[in-house]
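Undergrad:
In my numbering, the protein residues as written are 1027 to 1219.
#1: In chain order, which alpha helix (DSSP H) runs of at least 4 residues are fully inside the region 1143-1203?
#2: Does the count of Cβ pairs from the region 1053-1061 and the region 1198-1205 closer than 8 Å reach three?
#3: By how many angstroms is the C-alpha of residue 1083 removed from the C-alpha of residue 1121?
#4: Look at the alpha carbon of residue 1136 and the alpha carbon of residue 1035, and state the distance between them as a whole number of angstroms.
#5: In the DSSP assignment, what residue or residues form a beta bridge with residue 1205?
#6: Taking all protein chains shown into account, decide if residue 1125 is buried (16 or more other Cβ within 10 angstroms of its Cβ) or exposed.
#7: Please classify residue 1107: does DSSP put it in a helix, a strand, or coil?
#8: With residue 1162 and residue 1170 assumed to form a contact (beta carbons below 8 Å), what rounded beta-carbon distance in angstroms separates them?
#9: Could you tell me whether the Cβ atoms of residue 1164 and residue 1172 are closer together than 8 Å?
#10: Alpha helix (DSSP H) containing residue 1041: first to last residue?
#11: Specify the secondary structure class of residue 1097 as computed by DSSP and reduced to three states.
#12: Taking just the CA atoms, how far does residue 1028 sit from residue 1037?
#13: Under three-state DSSP, which class holds residue 1134?
#14: Roughly how far, in whole angstroms, is the beta-carbon of residue 1208 from the beta-carbon of residue 1189, given that I think they are within contact range, below 8 Å?
#15: In angstroms, rounded to a whole number, what distance separates the CA positions of residue 1025 and residue 1078?
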(Lines of atoms letter the chains of each structure in order from A and count residues from 1; the text may use other names and numbers.)
(Lines give C-alpha, C1' and ligand atoms only; values in the text may rest on other atoms or scores of the structure.)
Protein backbone atom coordinates (compact mmCIF):
# COMPACT_ATOMS: atom_id res chain seq x y z
CA UNK A 1 0.00 0.00 0.00
CA UNK A 2 2.87 2.37 0.81
CA UNK A 3 4.44 1.79 -2.60
CA UNK A 4 1.12 2.63 -4.23
CA UNK A 5 0.93 5.91 -2.27
CA UNK A 6 4.45 6.84 -3.37
CA UNK A 7 3.68 6.06 -7.01
CA UNK A 8 0.49 8.13 -6.80
CA UNK A 9 2.36 11.04 -5.18
CA UNK A 10 5.15 11.01 -7.77
CA UNK A 11 2.68 10.73 -10.66
CA UNK A 12 0.65 13.65 -9.32
CA UNK A 13 3.79 15.72 -8.77
CA UNK A 14 5.07 15.05 -12.30
CA UNK A 15 1.66 15.94 -13.75
CA UNK A 16 1.55 19.23 -11.86
CA UNK A 17 5.13 20.17 -12.71
CA UNK A 18 4.75 19.34 -16.38
CA UNK A 19 1.87 21.81 -16.61
CA UNK A 20 4.13 24.71 -15.63
CA UNK A 21 5.03 27.22 -18.30
CA UNK A 22 8.64 28.36 -18.12
CA UNK A 23 8.52 31.58 -20.08
CA UNK A 24 12.17 32.35 -19.48
CA UNK A 25 13.11 29.33 -21.57
CA UNK A 26 10.83 30.44 -24.41
CA UNK A 27 12.87 33.33 -25.83
CA UNK A 28 11.38 35.89 -28.20
CA UNK A 29 14.49 37.94 -29.01
CA UNK A 30 18.12 37.44 -30.00
CA UNK A 31 19.24 38.61 -26.57
CA UNK A 32 16.91 36.14 -24.86
CA UNK A 33 18.02 33.30 -27.17
CA UNK A 34 21.66 33.88 -26.27
CA UNK A 35 20.87 33.89 -22.56
CA UNK A 36 18.71 30.78 -22.89
CA UNK A 37 21.58 29.00 -24.67
CA UNK A 38 23.79 29.98 -21.74
CA UNK A 39 21.26 28.51 -19.29
CA UNK A 40 21.17 25.24 -21.29
CA UNK A 41 24.98 25.13 -21.41
CA UNK A 42 25.18 25.62 -17.63
CA UNK A 43 22.56 22.94 -17.11
CA UNK A 44 24.54 20.45 -19.22
CA UNK A 45 27.69 21.08 -17.19
CA UNK A 46 25.74 20.60 -13.95
CA UNK A 47 24.17 17.43 -15.33
CA UNK A 48 27.62 16.10 -16.26
CA UNK A 49 28.86 16.73 -12.71
CA UNK A 50 25.72 15.19 -11.19
CA UNK A 51 25.92 12.02 -13.30
CA UNK A 52 29.64 11.64 -12.55
CA UNK A 53 29.06 12.00 -8.81
CA UNK A 54 26.19 9.51 -8.77
CA UNK A 55 28.09 6.94 -10.86
CA UNK A 56 31.13 7.23 -8.57
CA UNK A 57 28.90 7.01 -5.49
CA UNK A 58 27.24 3.86 -6.82
CA UNK A 59 30.59 2.27 -7.73
CA UNK A 60 32.17 3.01 -4.36
CA UNK A 61 29.13 1.84 -2.39
CA UNK A 62 29.11 -1.38 -4.37
CA UNK A 63 32.87 -1.96 -4.17
CA UNK A 64 33.27 -1.19 -0.46
CA UNK A 65 29.96 -2.52 0.89
CA UNK A 66 30.07 -4.53 4.07
CA UNK A 67 30.39 -8.22 3.28
CA UNK A 68 30.62 -10.73 6.10
CA UNK A 69 34.07 -12.22 6.32
CA UNK A 70 35.79 -9.26 4.61
CA UNK A 71 38.51 -7.66 6.73
CA UNK A 72 40.54 -5.71 4.18
CA UNK A 73 40.62 -1.94 4.35
CA UNK A 74 40.34 0.39 1.36
CA UNK A 75 43.54 2.01 0.13
CA UNK A 76 44.31 5.14 2.15
CA UNK A 77 44.75 8.20 -0.08
CA UNK A 78 45.67 10.88 2.46
CA UNK A 79 48.53 12.93 1.08
CA UNK A 80 48.16 11.53 -2.46
CA UNK A 81 49.28 14.52 -4.54
CA UNK A 82 47.92 13.14 -7.80
CA UNK A 83 44.39 12.76 -6.42
CA UNK A 84 44.49 16.15 -4.67
CA UNK A 85 45.59 17.88 -7.87
CA UNK A 86 42.89 16.05 -9.82
CA UNK A 87 39.99 17.08 -7.59
CA UNK A 88 41.33 20.62 -7.44
CA UNK A 89 41.94 21.06 -11.18
CA UNK A 90 38.67 19.53 -12.44
CA UNK A 91 36.39 22.09 -10.66
CA UNK A 92 38.66 24.93 -11.78
CA UNK A 93 38.44 23.75 -15.40
CA UNK A 94 34.65 23.34 -15.19
CA UNK A 95 34.20 26.80 -13.65
CA UNK A 96 36.44 28.32 -16.31
CA UNK A 97 34.45 26.61 -19.07
CA UNK A 98 31.30 28.02 -17.49
CA UNK A 99 32.71 31.49 -16.74
CA UNK A 100 34.18 32.36 -20.15
CA UNK A 101 30.93 32.29 -22.17
CA UNK A 102 29.04 33.87 -19.25
CA UNK A 103 31.41 36.84 -19.11
CA UNK A 104 31.39 37.23 -22.89
CA UNK A 105 27.57 37.22 -23.07
CA UNK A 106 27.19 39.47 -20.02
CA UNK A 107 29.55 42.13 -21.35
CA UNK A 108 28.20 41.97 -24.89
CA UNK A 109 24.66 42.55 -23.61
CA UNK A 110 25.42 45.11 -20.91
CA UNK A 111 23.91 48.57 -21.46
CA UNK A 112 27.37 50.16 -21.60
CA UNK A 113 28.42 48.09 -24.62
CA UNK A 114 25.37 49.19 -26.62
CA UNK A 115 25.07 52.76 -25.35
CA UNK A 116 27.11 54.24 -28.20
CA UNK A 117 25.54 52.08 -30.90
CA UNK A 118 23.70 54.12 -33.51
CA UNK A 119 19.99 53.57 -33.94
CA UNK A 120 18.87 52.09 -37.24
CA UNK A 121 15.58 52.53 -39.07
CA UNK A 122 14.41 49.31 -37.41
CA UNK A 123 14.88 50.71 -33.90
CA UNK A 124 11.72 51.26 -31.87
CA UNK A 125 11.87 53.41 -28.73
CA UNK A 126 9.40 52.71 -25.94
CA UNK A 127 9.07 54.95 -22.89
CA UNK A 128 8.29 52.77 -19.88
CA UNK A 129 6.80 54.79 -17.04
CA UNK A 130 6.50 53.01 -13.72
CA UNK A 131 3.82 54.03 -11.32
CA UNK A 132 3.19 52.47 -7.94
CA UNK A 133 0.64 49.94 -9.13
CA UNK A 134 0.76 50.07 -12.93
CA UNK A 135 2.91 50.57 -16.02
CA UNK A 136 2.48 52.99 -18.91
CA UNK A 137 4.09 52.30 -22.27
CA UNK A 138 4.48 55.23 -24.68
CA UNK A 139 5.42 54.19 -28.23
CA UNK A 140 7.22 56.13 -31.00
CA UNK A 141 3.94 56.94 -32.72
CA UNK A 142 2.52 58.53 -29.55
CA UNK A 143 0.16 55.69 -28.65
CA UNK A 144 -0.04 54.75 -24.99
CA UNK A 145 -0.94 51.40 -23.45
CA UNK A 146 -1.56 50.71 -19.80
CA UNK A 147 -0.13 47.52 -18.24
CA UNK A 148 0.15 45.71 -21.61
CA UNK A 149 3.29 45.85 -23.70
CA UNK A 150 3.03 45.39 -27.48
CA UNK A 151 6.29 44.67 -29.30
CA UNK A 152 6.96 44.50 -33.03
CA UNK A 153 8.88 41.50 -34.32
CA UNK A 154 12.28 41.67 -36.04
CA UNK A 155 13.08 45.12 -34.64
CA UNK A 156 15.54 46.44 -32.11
CA UNK A 157 13.62 47.72 -29.11
CA UNK A 158 15.07 50.39 -26.82
CA UNK A 159 13.28 50.66 -23.50
CA UNK A 160 13.62 54.01 -21.71
CA UNK A 161 12.73 53.27 -18.10
CA UNK A 162 11.65 55.97 -15.70
CA UNK A 163 9.93 56.12 -12.35
CA UNK A 164 8.24 58.90 -10.43
CA UNK A 165 8.43 57.32 -7.02
CA UNK A 166 9.86 54.08 -5.59
CA UNK A 167 12.31 51.51 -6.96
CA UNK A 168 10.69 49.33 -9.62
CA UNK A 169 11.62 46.04 -11.24
CA UNK A 170 10.83 45.80 -14.95
CA UNK A 171 10.84 42.25 -16.27
CA UNK A 172 9.64 40.81 -19.55
CA UNK A 173 10.05 37.02 -19.14
CA UNK A 174 10.21 36.11 -22.84
CA UNK A 175 12.91 38.76 -23.40
CA UNK A 176 14.89 37.38 -20.44
CA UNK A 177 15.73 40.86 -19.27
CA UNK A 178 15.16 42.40 -15.87
CA UNK A 179 16.05 45.89 -14.78
CA UNK A 180 15.78 47.71 -11.48
CA UNK A 181 15.33 51.46 -11.65
CA UNK A 182 14.19 54.39 -9.56
CA UNK A 183 13.28 58.05 -9.94
CA UNK A 184 16.84 59.28 -9.36
CA UNK A 185 18.30 57.86 -12.56
CA UNK A 186 16.84 57.09 -15.97
CA UNK A 187 17.72 53.67 -17.30
CA UNK A 188 17.59 52.09 -20.73
CA UNK A 189 18.18 48.68 -22.25
CA UNK A 190 17.98 47.19 -25.70
CA UNK A 191 16.51 43.98 -26.93
CA UNK A 192 17.18 42.72 -30.43
CA UNK A 193 14.47 40.53 -31.78
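Where a beta carbon is used, it is the ideal one built from N, C-alpha and C, also for glycine. On a predicted model such as this, the values are computed, not experimentally measured, just so you know.
TA: A quick look at the data gives this:
#1: Counting only runs of 4+ residues, no alpha helix (DSSP H) is found wholly inside the region 1143-1203.
#2: yes
#3: 22 Å
#4: 44 Å
#5: Paired residues: 1196.
#6: exposed
#7: helix
#8: Residue 1162 to residue 1170, Cβ: 6 Å. Contact.
#9: Result no, Cβ atoms of residue 1164 and residue 1172 do not sit closer than 8 Å.
#10: 1028-1044
#11: coil
#12: 14 Å
#13: helix
#14: 5 Å
#15: In the structure displayed, the chain extends from 1027 to 1219; residue 1025 sits before or after that span and is not available.
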